[in-house]
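Residues 127 to 272 (our numbering) make up the sequence shown, in order.
Just so you know, even glycine gets a beta-carbon here, dropped at the ideal spot from N, CA and C.
As C-alpha cells, the structure follows; a few thoughts come after it.
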Amino acid sequence: MLTPFSQYQNTQVSTSSPEKLLLMLYDGAINFTRIALDKMEKKDIAGKGLYIGKAQAIVSELMNTLNHEVGGNISRQLERLYLYIIDEYLAANINNSPRSLQNALKILTVLRDTWVEAIDIWRRERETAALPAGRQPQSRAMGQMG
Numbered sequence: 127m128l129t130p131f132s133q134y135q136n137t138q139v140s141t142s143s144p145e146k147l148l149l150m151l152y153d154g155a156i157n158f159t160r161i162a163l164d165k166m167e168k169k170d171i172a173g174k175g176l177y178i179g180k181a182q183a184i185v186s187e188l189m190n191t192l193n194h195e196v197g198g199n200i201s202r203q204l205e206r207l208y209l210y211i212i213d214e215y216l217a218a219n220i221n222n223s224p225r226s227l228q229n230a231l232k233i234l235t236v237l238r239d240t241w242v243e244a245i246d247i248w249r250r251e252r253e254t255a256a257l258p259a260g261r262q263p264q265s266r267a268m269g270q271m272g
C-alpha cells in the first residue's frame, strides 16, 4: 500500500508537463548526489553506494531519453556529459572520491539551470506567438509603470 507521500509523488509525476518532469529528474539527481557526498563524508559506505546508485539511475534515464534524430548535436553533447557524470559516479564509488561527486554535482546544476532558462525562453516565445497579430507583450517594467 502506498503512503500518502508516495501517492502525492505519483500524482505529481503523472500530471506534470514534460519540462517539469525533466526538472524533477535533475532535482532528484542533484539531491541524491548531495546525499551521497554527505554519506561519503560520514564514512557511510552503504549509504554512499545507495545514493550514488539512485543518482546514476536518473542520469542513465536522462541519457536514454535523448532523441539524436531531433536533438542532433545538442543531444550528442548531452550524452557525452551524461556519460562523464556516470564515470564520475563510478570513480566516486570505487575510489571514495568526493571530488568526483562534486564534479558530477557541478555539471548537473549547470545543466538544470540551463534547462530552466531554455524552458523560460520557450514559454515566452509560445506566449508571444499566441498573441493576436499586432499586439506585443509589455515588459514587466512597462506594465508596472502605468
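Can you give me the C-alpha to C-alpha distance between residue i and residue j, rounded to a whole angstrom?
i    : j    : result
I211 : N199 : 18 Å
G149 : T240 : First, the amino acid is wrong: residue 149 is Leu here, not Gly. If I take the Cα positions, the gap works out to 10 Å.
R238 : D153 : 8 Å
L147 : S201 : 17 Å
I220 : Q203 : 26 Å
A162 : L209 : 19 Å
M166 : N222 : 7 Å
I156 : V236 : 11 Å
L176 : D164 : 12 Å
A181 : W248 : 27 Å
Could you please give the first and the last residue of the uninterrupted alpha helix (DSSP H) stretch that includes residue i?
i    : result
T191 : Element bounds for T191: n/a, residue is neither H nor E.
S226 : 224-256
Could you check which residue in the options has the C-alpha nearest to that of residue i?
i    : options                : result
A218 : A255, K169, E145, S143 : K169
K174 : A244, W248, P224       : P224
A230 : T191, S143, S186, Y215 : Y215
*Could I get the ranges of all uninterrupted alpha helix (DSSP H) runs contained in the segment 134-186, with 4 residues as the minimum, in chain order?*
144-167
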